[in-house]
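*Asks:* The structure is given below, and queries will be raised subsequently.
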Amino acid sequence: MMMTAHHRSIVILLLLFFTIIFNISYAQLINPQKITYGGTTQPSSIIGACLGNSGLVINFGGNVYVYPNNQLAKLTSGDYTLITSNTYNYNVNGTMTLKKNIICNPTSNEFYFLVSQDLNKVYKQQATGILYGTLSASYTVSPQLQIFYNNNIYTLSVQPNIMMALTSSLQPQTSVQYPSTYTTTAFDGQATAQDATNGVVFTTYYDQVIGFILNSGTVMTATGSGVGAISYIGKGFVDVVNKKLYFLAQGAGGTFSAVVFEYTLTGTLTTLASLPVSTFNYAPKGLTVDVTQGQIIVYAQSQVDQRYCVFTSSNRLINTLQYSPLTSDTQNSFVEMSIVSGGLLIVGATETYFSQYHTVCPSDCLGFGQCVNSSCQCVPGRSGADCSDSYPELSGFKAVPYSTVLQTVTIIGQYFWLPLTVTINQIPCTSPSVNQLNTQIYCNISLSNFNPDTNYEIKVQNGGQTNLNSYPVFLSQSFSSLVVSGTKLTLSYQNLYPWNSLTFKLSNTEISCSLVSTSIECTVPSPVKSGSLIVYNTFTSVTQVVNGVVLKPIISLINNGSTIPAGSYNITIQGYYFKSNTFSPVFIKDDGIQTAFAGQFTDSELVYTKTVGITSNRLLSLIIGSYETNQVAYTFTPPSISTTSFSPSDFVLTIVGNNFGNKVNLVSVSSGDSLVWIVNSVTNTVIKVQVPRDVKKSILTITIGGQAVTTSLNFQPNITNIITPPSIDGDGIEFTGLFLDETVISIQRDSNPGTSIPLQNCVYLFQNPHWQVGCDFPSGTGYFNLTSTSTIGTATTLNTTYRTSYDGVDVDYVEPSVYYIDEPTNITIGGYNFADVDLLVTVNGNNCVIVNITISQVVCTIFQTTPPQSDNPVIIRISVDGVVSEDKSNLYYRKKCTINCLNGGTCDYVTGGCQCTSGFKGQDCSEIDNQSSHSSIEISSSNIFHQNSQSIYLFIIISIIIILLN
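For the sequence shown, the working numbering assigns the number 670 to the initial residue and increments by one for each residue that follows.
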């Protein structure tokens, strides 16, 4: 809290020695500094102050200044210029006068106060403005704010003698009245003190001190008459840690003393001591206590001057510091003093001052200690009555990497003060200096005097004190991050010793190592066991050991780098460290499948028999004990093809060769197009493939396990059928067959057997299950050989010949359509493909003499004397250059009857006789056939007429048919 004085007050500090409780040292005031207020008008005297959540709150009766905590902190650094962040003016036009005391809420920015204009109200200042709460009783004498405790504000009234409370939100609490002993006589209320931590309020009544415990309502009392106290003055002080209460007491004859009490929270209050203050003409107004340094500070005022006065316990004045001149007002007023922090006083009067003060321990402990109970409590590393003696403490030496040059080294510890000396192994370390915290010494020494891995005595002498310890000068070399990759062992290092001083051994086998960039790389030969890497140096017998070096087995080569046949084969696996660890059991892991191996092997070689077959995952590794080697890819010997053969009956291609393996799923066959080739079966030497029907000659690719081999595939073409033979004027030919795509089609005519004529503009079309080919064709006649030739690259040419001919004569009509036996008849045969090349026409086997011929018709004379041997229509056979065509649909022969046929009989043109109806017979059908089914037939003119009518009808029908045929 901050103390105040009214007008011309003189603040005097008296320092007393406690003879019962503790000793008080002589104190010295140092240069008081005036606070600069933020307002333009100098405020009136301070009548109250509190230290709250928002900072230091000072009550001037009408104005309240709030100094933020961050500005208050500047005081301890000697900055006494305060700028207020908030100023509250309640005394505008005299509307409100704040009474003394002010209470801060420790958990918020609120503070509470009383005003002279209304004794029943407690006011609260918060961010939103002023609020007030009304106390539940009337007062004849003004109440006093006492304490903020347990979220309540407590006030004390002397008439009547009651304690009243409001909540922090200004709601009334139940009033508590003091015991009846004090109800008839009012408290004087001249002195009060508070324990805000535990909720205890102290007040006085003449020579009695009364304590009120808020939680329990317990009242405790003590008297000061036994120590000469008549009444108590001003604000007291409570040491809440040690439960001590200090009051300033006035005795008979105007004497003053500081009375000390001890209290408990169970309700006991005991008087401990009365310490005389002074007998001179100053009026003490109150006191405060520096608990840390064990000092009671009494403040007083006089009408004579304004000064700080420092007294000993025998009232000897040892120092006086004069203030500025006083104002004309010499009335006594309330003055308040408080300690903000150790050694810092706030002194309140018409003007407010801060002052540092020093204790009178010898030399004020030289700044290396605290004055407690008249003695210096020195900081660690200092001793003596005034803390002038120092002794160093060594805790370490900051070792450096190996070197042989002059270098600055660092010694670690505390309480290093200059001057001091340092030796390492009795060799001076020159030019010592220390850091600001006195925890490190820096000095220079040549490192050529020291070896690694050796402790040397380091001695520090300071002010006659010596401390020594042994530490290594150099950082020990160390190794980390060991990695074994293949046959290389790599490890990182720190603080490496000279390279030529180092030797490396793995499992007692020396290995060759070299420096590579910032690491060490060693080559590990085979055989070497897994174990520990030991690093030796020539300086000392100290070695560095890196444990747990594991040499995992490694495969370096399979089958001497050669390919592996697909058949059964002995494979040699070469590598390292096969026996560097536990080497049982052993498994061969090939194609992802583990197979136990029970054979013999060395540290660098293992031989096993690989079975027939090509694998899809061509990775091989060994599992030896608990370690698996690296996986090494190997390659099978590429497949080779010796022969191919095709079976047209089932369209199966047989490929004979080697290194085919035995897995159908690893074999694929393609011909560079979209055709689908189905692999039927695979052995190491034979592949059978289902050939697509629309296959073409091509370069066949057989891929086995990713390796491909090619062969020229040429199928034997085969012409199977002529769809459209060529006409003699050469319009084109169409035919079908197998494997005809992209073959060369040519002809050899019988008329010119030595000449082959290639056909032009051939078109190939696959019509499942055959190929269909159409080509332009030269004009001609007769028979010829149609040849299909297939060639691919330098492969053997394959061909096939189909015997066929030009298209024969196509007869459209014959005129006349009837000829008679024994009558020469010129016949015109119309159609297509007539040619005068070995032309021969026969009618019903009889030669028809050629009269005239064009490409579309032939005229010939037929004279037949014997009846034909076949039925009508007769066969016309036409041969052009050996190509024979026949027609049996357009020509009829006739043999005339020599007589008329009677009784419905008809002329049989084949025999020339009558064909009688049923019931008649004879050459002209005039005879009755008794063998007929008719029993009796009467021949009459009517019957004859009827029969003749039937004959006429039959003749007419036959005539119409003949006309239509012609």
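Glycine included, each C-beta is placed from N, C-alpha and C at the ideal position.
State the start and end residues of the unbroken beta strand (DSSP E) segment that holds F1256.
*Replies:* Where F1256 is concerned, the enclosing beta strand (DSSP E) starts and stops at V1255 to D1259.
*Asks:* Which class does V909 belong to by DSSP, given the choice of helix, strand or coil?
*Replies:* coil
*Asks:* Is the beta carbon of S1486 within less than 6 angstroms of some heavy atom of the ligand FMN?
*Replies:* The model depicted lacks the ligand FMN and carries no ligand whatsoever.
*Asks:* Alpha carbon to alpha carbon, how far is N728 from C978? Give it in angstroms, no decimals.
*Replies:* Confidence in C978 is poor, its pLDDT being 36 and thus under 50, which makes the residue's placement unreliable; the coordinate value appears in the next sentence. Roughly 26 angstroms separates the two Cα atoms.
*Asks:* In three-state terms, what does DSSP make of N1138?
*Replies:* Here N1138 sits in strand by DSSP.
*Asks:* For P1493, count the other beta carbons within 10 Å of its own beta carbon; 16 or more makes it buried, fewer makes it exposed. Which is it?
*Replies:* An exposed status is given to P1493, since fewer than 16 other beta-carbon atoms sit within 10 Å of its beta-carbon.
*Asks:* For a test of the three-state rule: what should DSSP assign to G922, helix, strand or coil?
*Replies:* helix
*Asks:* How should A898 be labelled, buried or exposed, when 16 other C-beta atoms within 10 angstroms of its C-beta is the threshold for buried?
*Replies:* buried
*Asks:* Pull up the distance between the alpha-carbon of T948 and that of A918, whole angstroms please.
*Replies:* For T948, the pLDDT reaches just 47, beneath the cut-off of 50, and the residue's location in the model is therefore unreliable, although a value from the coordinates is still provided. Cα to Cα, T948 sits roughly 13 angstroms from A918.
*Asks:* Does the separation of the CB atoms of T1159 and S1115 fall below 7 angstroms?
*Replies:* no
*Asks:* With a cut-off of 8 angstroms on the beta carbons, I'd call S1290 and K1332 a contact; round off their distance for me.
*Replies:* Not confirmed; about 21 angstroms, so no contact.
*Asks:* Around the C-beta of D1476, are 16 or more other C-beta atoms found within 10 angstroms, so that it is buried, or is it exposed?
*Replies:* buried
*Asks:* Within the chosen definition, does the stretch 931-940 reach the stretch 882-896 through at least 3 CB pairs nearer than 8 angstroms?
*Replies:* As far as the Cβ criterion goes, the stretch 931-940 touches the stretch 882-896, which means the pair count is three or higher.
*Asks:* Of all the options T1192, V1214 and N1228, which has the alpha carbon lying nearest to the alpha carbon of G1200?
*Replies:* Ranking T1192, V1214 and N1228 by Cα distance to G1200 puts V1214 first.
*Asks:* Just mark T872 as buried or exposed, buried being the case when its beta carbon has 16 or more other beta carbons within 10 Å.
*Replies:* buried
*Asks:* Is S1237 closer than 7 angstroms to V1281 when the C-beta atoms are compared?
*Replies:* yes
*Asks:* Residue range of the beta strand (DSSP E) that T1251 falls in?
*Replies:* Unbroken run through T1251: none, as it is neither H nor E.
*Asks:* Along the chain, where does the beta strand (DSSP E) that runs through M889 open and close?
*Replies:* V888 to T892
*Asks:* Kindly identify the DSSP beta-bridge partner or partners of G1423.
*Replies:* BP columns for G1423 are empty, so no partner.
*Asks:* Using 8 angstroms for Cβ pairs, my map puts V878 next to F925. What's the rounded Cβ distance?
*Replies:* That pair is no contact at about 16 angstroms.
*Asks:* By Cβ distance, which residues of its chain are closer than 7 angstroms to T710, with the 5 residues on each side in sequence left out?
*Replies:* At T710 the pLDDT is 48, less than 50, meaning the model places this residue with poor confidence; the figure from the coordinates comes in the next sentence. Closer than 7 angstroms at the Cβ level, and outside the excluded window around T710, lies no residue.
*Asks:* Helix, strand or coil for L1165, going by three-state DSSP, please let me know.
*Replies:* Here L1165 sits in coil by DSSP.
*Asks:* Out of G1217, Y1166 and S785, which has the shortest C-alpha to C-alpha gap to V1152?
*Replies:* G1217
*Asks:* Between I1223 and E1297, what straight-line distance do the alpha-carbon atoms span, to the nearest angstrom?
*Replies:* C-alpha separation (whole angstroms): 8 angstroms.
*Asks:* Assuming P1101 is part of the beta strand (DSSP E), what are its boundary residues?
*Replies:* T1099 to V1103
*Asks:* Hey, how far is the Cα of C1045 from the Cα of G1038?
*Replies:* 6 angstroms
*Asks:* Give me the DSSP bridge partner(s) of D787.
*Replies:* V784
*Asks:* Write down the C-beta distance between L767 and G724 rounded to the nearest angstrom, noting that I regard them as a contact closer than 8 angstroms.
*Replies:* Their Cβ separation, rounded to whole angstroms, is 18 angstroms, which puts L767 and G724 out of contact at 8 angstroms.
*Asks:* Does the beta-carbon of P1101 have 16 or more other beta-carbons within 10 angstroms, so that it is buried, or is it exposed?
*Replies:* Answer is buried; the Cβ neighbour count reaches 16.
*Asks:* Anyone know if the C-beta pair for I1227 and Y1303 falls short of 7 angstroms?
*Replies:* Yes, the Cβ-Cβ distance between I1227 and Y1303 is below 7 angstroms.
*Asks:* With DSSP as the reference, please indicate the residues paired to L1171 in a beta bridge.
*Replies:* N1206
*Asks:* Just reading off the beta strand (DSSP E) that D1642 is part of, what are its end residues?
*Replies:* Here the chain has residues from 670 to 1635 only, and residue 1642 is not among them.
*Asks:* Please state the DSSP three-state secondary structure of P1031.
*Replies:* helix
*Asks:* On the CB-based measure, 16 or more other CB atoms within 10 Å of its CB, does S777 come out buried or exposed?
*Replies:* By the neighbour-count definition (other C-beta atoms within 10 Å, threshold 16), S777 is an exposed residue.
*Asks:* State the Cα-Cα distance for the pair I1629 and F1408, rounded to the nearest angstrom.
*Replies:* 56 angstroms
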